[in-house]
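Q: As they're listed, the protein sequences go chains X and S. Numbering-wise, the first sequence is residues 1 to 503 according to the numbering used here. Numbering-wise, the second sequence is residues 1 to 153 according to the numbering used here. Each residue gets a CB set at the ideal place from its N, CA and C atoms; glycine is no exception. Note that the structure is predicted; figures quoted are calculated from it, not measured.
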Amino acid sequence: MKVWLSCDAAARALGADEVADRLAEEAAARGIALEIKRVGARGMAWLEPLLEVERDGVRHAFGPMRAGDVAAFFDGRLEGHGPTEDIPFFARQTRLTFARVGRIVPLSLDEYEAHGGLAGLRAALAEPGRIVQQVIDSGLRGRGGAGFPTGIKWQTVAEAEADRKYIVCNADEGDSGTFADRMLMEGDPFSLIEGMAIAGVAVGATTGYIYLRSEYPDAIATLTRALDIAREAGLLGQGLLGSPHAFDIELRMGAGAYVCGEETALLNSLEGKRGVVRAKPPLPALKGFFGKPTVVNNVLSLATVPVIFEKGAEHYASLGIGRSRGTMPIQIAGNVARGGLFEAGFGLPLRTLVEDIAGGTRSGRPVKAVQVGGPLGAYFAPDQFDTPFGYEEFDAAGGLIGHAGIVVFDDSADMARMARFAFEFCAAESCGKCTPCRIGSVRGVETIDRLIAGEDVRGLIEDLCETLREGSLCALGGFTPYPVMSALERFPDDFAPAKEAAQ
Amino acid sequence: MADTPPTARALSALIEAQQHREGPLLPLLHSIHEAFGHIPEAAVPLIADALNIGRAEVHGVVSFYHDFRTKPAGRHVLKICRAEACQAVGGARLAERVLAQLGTTWHATTENGAVTVEPVYCLGLCANGPAAMIDGRPLAGVTAEELIAEVAQ
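(1) Using a Cβ cut-off of 7 Å (strictly closer), state whether residue 190 of chain X contacts chain S.
(2) From residue 283 of chain X to residue 224 of chain X, what distance separates their C-alpha atoms?
(3) Excluding the 5 residues flanking residue 252 of chain X on each side, which residues of the same chain have their C-beta closer than 8 Å to its C-beta?
(4) Should residue 46 of chain X be labelled buried (16 or more other beta-carbon atoms within 10 Å of its own) or exposed?
(5) Could you pull out every unbroken alpha helix (DSSP H) segment of at least 4 residues lying fully inside the stretch 190-240 of chain X, listed in chain order?
(6) Give the DSSP bridge partners of residue 167 of chain X, in chain order.
(7) Kindly indicate which residue of X:428, X:388, X:371, X:393 has the alpha-carbon position closest to the one of residue 487 of chain X.
(8) Quick check on the DSSP output: the alpha helix (DSSP H) that includes residue 116 of chain S runs from which residue to which?
(9) Which residues of chain S have a Cβ atom closer than 7 Å to the Cβ of residue 184 of chain X, listed in chain order?
(10) When the cut-off is 7 Å and only beta carbons count, does residue 30 of chain S lie next to chain X?
(11) Quick one: Cα of residue 1 of chain S to Cα of residue 75 of chain S, how far?
(12) Can you name the start and end residues of the beta strand (DSSP E) that residue 403 of chain X belongs to?
(13) Between the stretch 5-18 of chain S and the stretch 294-305 of chain X, do at least 3 Cβ pairs fall closer than 8 Å?
(14) Less than 8 Å between C-beta atoms, sequence neighbours within five positions excluded: which residues of the same chain meet that for residue 414 of chain X?
(15) Verify whether the separation of the beta carbon atoms of residue 192 of chain X and residue 300 of chain X is less than 7 Å.
(16) If you count every other CB in all the chains shown that lies within 10 Å of the CB of residue 172 of chain X, and 16 or more means buried, which is it?
(17) Residue 80 of chain S and residue 47 of chain S: beta carbons closer than 7 Å?
(18) Looking only at its own chain, which residues have a Cβ that is under 7 Å from the Cβ of residue 22 of chain X, when we skip the five neighbours before and after it?
(19) Give the DSSP-derived three-state secondary structure of residue 476 of chain X in the structure shown.
(20) Only counting runs of 4 or more residues, tell me where the alpha helix (DSSP H) segments fall wholly within the stretch 406-464 of chain X, in order along the chain.
(21) CB-CB under 7 Å to residue 58 of chain X, same chain, minus the five flanking residues each way: which ones, in chain order?
(22) Classify residue 77 of chain X as buried or exposed, calling it buried when 16 or more other Cβ atoms lie within 10 Å of its own Cβ.
(23) On the three-state DSSP scale, how would you describe residue 65 of chain S?
(24) Can you list, in chain order, the residues of its chain whose CB lies under 8 Å from that of residue 142 of chain S, leaving out five sequence neighbours each side?
(25) Under a CB-based cut-off of 7 Å, is residue 66 of chain S close to chain X?
(26) What's the C-alpha gap between residue 38 of chain S and residue 115 of chain X?
What follows is the structure, encoded as structure tokens:
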């Protein structure tokens with residue numbers, strides 16, 4: 001008997017390892033030869049720990065599995081969910097970046113290749129001079145949040161003259177409500193390695209760094225082993241897959257500073273300094289790691305590159321809407337009935353994601369607000385839920401998609417408290433370089449407290465937000481006004497004492 | 001965590017092991033932190049000498065990052081997620097209850113030295129909150145009672 005059990009950090013945090021132990025014990029007691037394959041997560045978080053068993057060549061899902069369910073599972077008394085890939089949450093997706101996650105054993109290079117892995121690198125190595133143009137043609141934009149065209153960034157680095165160039169992967173996924181980078185690194189680490197190798201060949205870099213946050217111990221462990229395996233197999237090192245190109249990757253661990261997700265702070269941190277933001281220009285593409293031309297890309301951007309070469313830039317660009325091409329791994333989190341990772345072409349309305357796919361709130365109460373794009377993203381009210389998921393579309397609606405995390409709140413949420421938290425978070429995580437962010441965030445907390453206490457200081461908050469937006473060096477200070485002002489404008493009743501005092 | 005005291009010799013060995021890297025300071029601090037559970041004061045001048053930078057610069061880096069402690073923690077380190085996705089499922093209430101029942105505050109250690117409680121802003125378990133981490137082990141869908149029982153062991 002062969003079963004697949006998730007080894008994703010979320011599944012393990014819910015007791016998947018205990019389930020694995022119980023499965024092995026129970027199988028031994030019953031004299032059943034059992035093979036347990038630990039795989040990445042399928043992305044259906046509400047079913048974790050998810051167990052799959054093969055029937056007629058198709059994997060059937062059971063979950064959430066508890067150690068106490070194991071006997072019933074072997075007895076055939078445990079009710080399942082049918083074929084995993086027929087579950088509507090899964091069936092409605094277009095999986096490109098996450099095509100292999102949950103299907104393959106993360107550290108099996110054989111399974112990786114059997115499911116299309118390395119096809120992209122081989123295609124890229126066949127015509128290295130065309131790599132940059134193909135990435136441009138795919139329409140891929142930075143998945144970390146800024147949405148800058150990946151191919152243009154690569155072109156800048158490729159054309160820069162220098163004795164050394166670097167590829168830096170930003171795996172400092174600190175936004176609340178996002179976990180796609182983590183799932184990918186734990187579930188399909190070779191795709192990131194392959195994407196970085198393609199980037200290295202494209203721009204002429206031979207060294208790559210992955211800056212991975214320390215809050216992700218499982219991803220660190222998986223990626224560390226994946227790098228060793230890749231080196232042994234000739235996927236990294238001198239002569240990539242027998243080509244004349246050399247490329248290697250070193251994994252570096254962050255140290256708990258949110259601001260290091262900002263690319264220039266990340267570079268300073270990587271150099272061994274305080275994670276303080278640098279003024280731009282110069283762009284990291286020209287003066288990055290130790291002043292050398294550096295590609296800084298998010299995990300998802302890099303891990304999507306192989307599939308673009310495997311299936312063709314045109315195929316990737318054929319998906320999506322407007323200037324948002326391809327697919328986005330959307331992370332559905334917070335108070336939802338069905339949370340997890342949902343990869344789809346850009347363009348789905350927020351309402352479809354929240355009401356239909358996520359099935360509303362876990363608590364069963366009405367949805368009050370949805371924060372999209374992490375702690376620096378705007379709160380959307382239900383009357384804005386028709387906004388289609390795309391970079392420009394969300395910008396026009398007064399928000400941002402960021403790293404595509406959506407966090408759902410039910411009607412018990414106090415939006416004044418959430419606005420206060422946005423300032424509090426900014427104060428805790430500010431790097432301290434620029435005054436609006438360092439001081440403004442602290443004054444913001446105090447001013448929201450005055451507003452909640454009934455003083456009419458709304459104008460002060462608006463002024464403060466304008467100062468932060470216009471005067472901050474990076475998105476931490478610059479975007480904190482999104483959650484604050486969206487909460488204030490779209491949920492004025494939560495700031496009611498101020499309203500009453502004003503009357 | 002090792003029981004060996006942070007002797008100059010032990011510290012120097014750890015420093016030397018990381019020194020070949022480009023920008024070695026963070027990996028170096030992580031290795032010292034892992035070995036001793038904090039960055040001992042004695043390490044600062046040794047690092048400064050080895051990397052040819054000022055002590056103030058080393059101190060500046062140590063104090064910038066939330067991960068680096070300068071004093072030993074309690075026997076357990078409990079990190080509770082304070083970020084929005086966990087707040088949406090009662091994370092703030094959970095944290096208040098844990099702190100109240102343990103009789104401590106954020107960043108502090110209980111009087112009996114059993115547990116240090118720290119805030120963390122996202123563990124990437126946002127679809128299965130509230131989330132926490134005990135001694136580096138992530139936990140999802142937790143209650144205050146479960147967390148207290150875990151650190152009582």
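A: Judging by the given coordinates:
(1) no
(2) 30 Å
(3) 209, 210, 211, 212, 270
(4) buried
(5) 217-232
(6) X:208, X:295
(7) X:371
(8) No alpha helix (DSSP H) holds residue 116 of chain S; the beta strand (DSSP E) holding it covers 115-120.
(9) Near residue 184 of chain X there are no residues of chain S at all, since even the closest Cβ is about 11 Å away, more than 7 Å.
(10) yes
(11) Reliability of the predicted coordinates at residue 1 of chain S is poor, the pLDDT of 47 falling under 50, and no value is obtained from them.
(12) Here residue 403 of chain X belongs to no beta strand (DSSP E), and DSSP marks it neither H nor E.
(13) no
(14) 494
(15) no
(16) buried
(17) no
(18) 67, 70
(19) helix
(20) 415-429, 435-452
(21) 83
(22) exposed
(23) coil
(24) 94, 130, 131, 132
(25) yes
(26) 44 Å
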